[in-house]
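>
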Amino acid sequence: MCVSACAYLFLGATSREVAPDSVLAVHNSKLMFVVHGHPPAQVVADFRRREMVSADRDRNVFLAAMGISHELSDLIKSVKFEDLHVLTRPELYRFGIDTRPLPETLWAVEKETRPYVRKIVQQKRADGSSFRMMEWRLFCESKDRGRLMFVREFEEGAAGKSTVAMMAGASRTVAFGRSARFGKYEVWSEAVTSDTVKAMLAAPHLQIGESAPATDGKLDTKSDSKSDLATFDIDTTGLEQGWTQLLASCPAATTGPKPASPLPAAASPSVSAVPASSPSP
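Here the working numbering is used: the sequence shown runs in plain steps of one and ends on residue 325.
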């Protein structure tokens, strides 16, 4: 979480990346000063006005120097000092704060009743005005088998694109079949062998592909048509360390695991509230 004065420190960075599970929030300035003696009220009011104009001018110059849109300054002035405005992912992108089309977290262990390794990605939609939240969860079902869950926001009008694959190099592919719908999310889940997990750990990136299912129900990863196969890469940093931690408490033989919640823990990028996983400001 980075709010208030911290936001200005962050905006001054030469490289700015706001993770999907992080919060960057802003609010307007407040001028505080001590008055000695008993000057006329108009003198105090004029002083306050001049100082606020000067502060606004300094902020505008600073943001322009950092390559950030003046829209951010306009937004800041509209938020009371006592309040906070959490910048949404579209705002971060539009203002020029974080212009990555695919911001992602590292893989990290979530120590729930049934622990798992999680990665969150926000993907810029084709219209450029919004982002789509995606989440991967890797569970350890036994020493020789895991379970990979893929959750994302449902996209209206995407009927027919019901098959998703994760490719670790050219040798290993996890093909997800039919998805289930939970509110505004769609969920895939597939068992993965230890060899597949090893291939995932060895790859610096995993390629995600989506396509309409072929007649045999599998994803045609060799399709030359971009309309048939849309792919993007996600980083594997943290995955090996997280999986090693899971293996330490994983049963030797496959047992009937408790069902995992399919709903992502991170807040949707469309909301302007602090995610539940972050402390309140």
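The beta-carbon is built from N, C-alpha and C at its ideal position, and this holds for glycine as well.
Predicted model, so just to flag it, every value in this text is computed and none were measured.
Alpha carbon to alpha carbon, what distance is there between I120 and S98?
Position 54 of the sequence shown, counting from 1, holds the residue named residue 98. Position 76 of the sequence shown, counting from 1, holds the residue named residue 120. Distance between the alpha carbons of S98 and I120 is about 15 angstroms.
> Assuming the contact rule is C-beta atoms closer than 8 angstroms, G190 and F183 should be a hit. Round their C-beta distance to whole Å, please.
By one-based count along the sequence shown, residue 190 stands at place 146. By one-based count along the sequence shown, residue 183 stands at place 139. Beta-carbon to beta-carbon, G190 and F183 are separated by about 6 angstroms, close enough to satisfy the 8 angstroms threshold.
> Buried or exposed: which applies to S223, given that a residue is buried once 16 or more other Cβ atoms fall within 10 Å of its Cβ?
Translated into positions along the sequence shown, residue 223 becomes position 179. Buried, because 16 or more other Cβ atoms sit within 10 Å of the Cβ of S223.
> Anyone know if the C-beta pair for F175 and R181 falls short of 8 angstroms?
The residue labelled residue 175 in the question sits at position 131 within the sequence shown. The residue labelled residue 181 in the question sits at position 137 within the sequence shown. In this structure, R181 does not lie closer than 8 angstroms to F175 by Cβ.
> Are T288 and G253 close, meaning C-beta to C-beta below 8 angstroms?
The residue labelled residue 288 in the question sits at position 244 within the sequence shown. The residue labelled residue 253 in the question sits at position 209 within the sequence shown. Cβ distance not < 8 angstroms, so T288 and G253 don't count as in contact.
> Between which two residues does the alpha helix (DSSP H) carrying F91 extend?
If you number the sequence shown from 1, residue 91 lands on position 47. Run containing F91: A85 to A109, per the alpha helix (DSSP H) assignment.
> Output the distance between the C-alpha atoms of P145 and H114, rounded to the nearest integer angstrom.
Translated into the one-based positions of the sequence shown, residue 145 becomes position 101. Translated into the one-based positions of the sequence shown, residue 114 becomes position 70. Spanning the two alpha carbons is a distance of roughly 21 angstroms.
> With the cut-off set at 8 angstroms, would you say P147 and V153 are in Cβ contact?
Here the question's residue 147 lines up with position 103 in the sequence shown. Here the question's residue 153 lines up with position 109 in the sequence shown. Not closer than 8 angstroms, so no.
> Going by the beta-carbon positions, is the gap between A219 and H129 smaller than 8 angstroms?
Position 175 of the sequence shown, counted from the first residue, corresponds to residue 219. Position 85 of the sequence shown, counted from the first residue, corresponds to residue 129. No, they are not a contact pair.
> Note down, in chain order, each residue of its chain lying with its Cβ closer than 6 angstroms to the Cβ of S233, except the 5 sequence neighbours on either side.
For the purposes of this step, residue 233 is taken as the residue at position 189 of the sequence shown. Residues of the same chain with a CB within less than 6 angstroms of the CB of S233, apart from the 5 flanking positions on each side, are M193 in chain order.
> I believe M178 touches V161 by the beta-carbon criterion, under 8 angstroms. Please report the beta-carbon distance rounded to the nearest angstrom.
Position 134 of the sequence shown holds residue 178. Position 117 of the sequence shown holds residue 161. Not really, about 15 angstroms apart at Cβ, beyond 8 angstroms.
> Residues in its own chain within less than 7 angstroms of G261 by CB, not counting five upstream and five downstream?
In the sequence shown, the residue the question calls residue 261 occupies position 217. Any answer about G261 is weak, because its pLDDT of 46 lies below 50 and its placement is not dependable; what the coordinates show is given next. Cβ within range, chain order: G221.
> Quick one: which unbroken beta strand (DSSP E) runs of 3-plus residues sit fully inside the segment 207-233? Chain order, please.
207-212, 216-220 and 224-226
> Would D277 and L250 qualify as a contact pair, given that the criterion is a beta-carbon distance under 8 angstroms?
Within the sequence shown, numbered from 1, the residue matching residue 277 stands at position 233. Within the sequence shown, numbered from 1, the residue matching residue 250 stands at position 206. Yes. Within cutoff.
> For M45, which three-state DSSP category applies?
On the sequence shown, position 1 is the one that residue 45 refers to. Residue state, collapsed to three classes: coil.
> Residues in its own chain within less than 7 angstroms of M110 by CB, not counting five upstream and five downstream?
Taking the sequence shown and counting its residues from 1, the one referred to as residue 110 is at position 66. So the qualifying residues of the chain are L55 and G56.
> Quick check: what's the CA-CA separation for Y229 versus E185?
Along the sequence shown, read from residue 1 onward, the residue named residue 229 stands at position 185. Along the sequence shown, read from residue 1 onward, the residue named residue 185 stands at position 141. Each residue's alpha carbon lies about 24 angstroms from the other.
> Considering only the beta carbon of each residue, do A331 and G213 sit closer than 8 angstroms?
The structure shown does not extend to residue 331, since the chain spans only 45 to 325, so no value can be given for it.
> What do you get for Q86, buried or exposed, if any count of 16 or more other CB atoms within 10 angstroms of its CB means buried?
As a working mapping, residue 86 is identified with position 42 in the sequence shown. So Q86 counts as exposed.
> Give me the Cα-Cα distance between M210 and C50, rounded to the nearest whole angstrom.
Position 166 of the sequence shown, counted from the first residue, corresponds to residue 210. Position 6 of the sequence shown, counted from the first residue, corresponds to residue 50. Looking at the two C-alpha atoms, the distance is approximately 37 angstroms.
> Using a Cβ-Cβ cut-off of 7 angstroms (strictly less than) and excluding sequence neighbours within five positions of V88, which residues of its own chain qualify?
Position 44 of the sequence shown holds residue 88. Closer than 7 angstroms at Cβ, skipping near neighbours: V79.
> Closer than 6 angstroms by C-beta to R60: which residues in its own chain qualify, once you throw out the five before and the five after it? Chain order, please.
One-based indexing of the sequence shown puts residue 60 at position 16. I141 and D142.
> With DSSP run on the structure shown, which of helix, strand or coil describes H129?
In the sequence shown, counting from the first residue as 1, residue 129 sits at position 85. It is a strand residue.
> Let me know the secondary structure DSSP gives R12 once reduced to three states.
The requested residue 12 does not occur in the structure, where the chain is confined to residues 45 to 325.
> From this set, F91, K187, R225 and D127, which residue's C-alpha is nearest E199's C-alpha?
Here the question's residue 199 lines up with position 155 in the sequence shown. Looking at the Cα atoms, R225 is the closest of the given residues.
> Over what stretch of residues does the alpha helix (DSSP H) that includes D118 continue unbroken?
Position 74 of the sequence shown holds residue 118. Here the alpha helix (DSSP H) through D118 covers H114 to S122.
> T280 by DSSP, collapsed to three states: which one?
Counting from 1 along the sequence shown, the entry for residue 280 is found at position 236. The answer is coil: DSSP assigns T280 none of H, G, I, E or B.
> Which value, in whole angstroms, describes the spacing of the CA atoms of L150 and P84?
As a working note, residue 150 is residue 106 in the sequence shown. As a working note, residue 84 is residue 40 in the sequence shown. Rounded to the nearest angstrom, the two C-alpha atoms are 58 angstroms apart.
> Report, in whole angstroms, the separation of the C-beta atoms of S122 and R103, which I expect to be a contact under 8 angstroms.
Within the sequence shown, the letter at position 78 stands for residue 122. Within the sequence shown, the letter at position 59 stands for residue 103. With 8 angstroms as the limit, S122 and R103 do not qualify as a contact, their Cβ atoms being about 13 angstroms apart.
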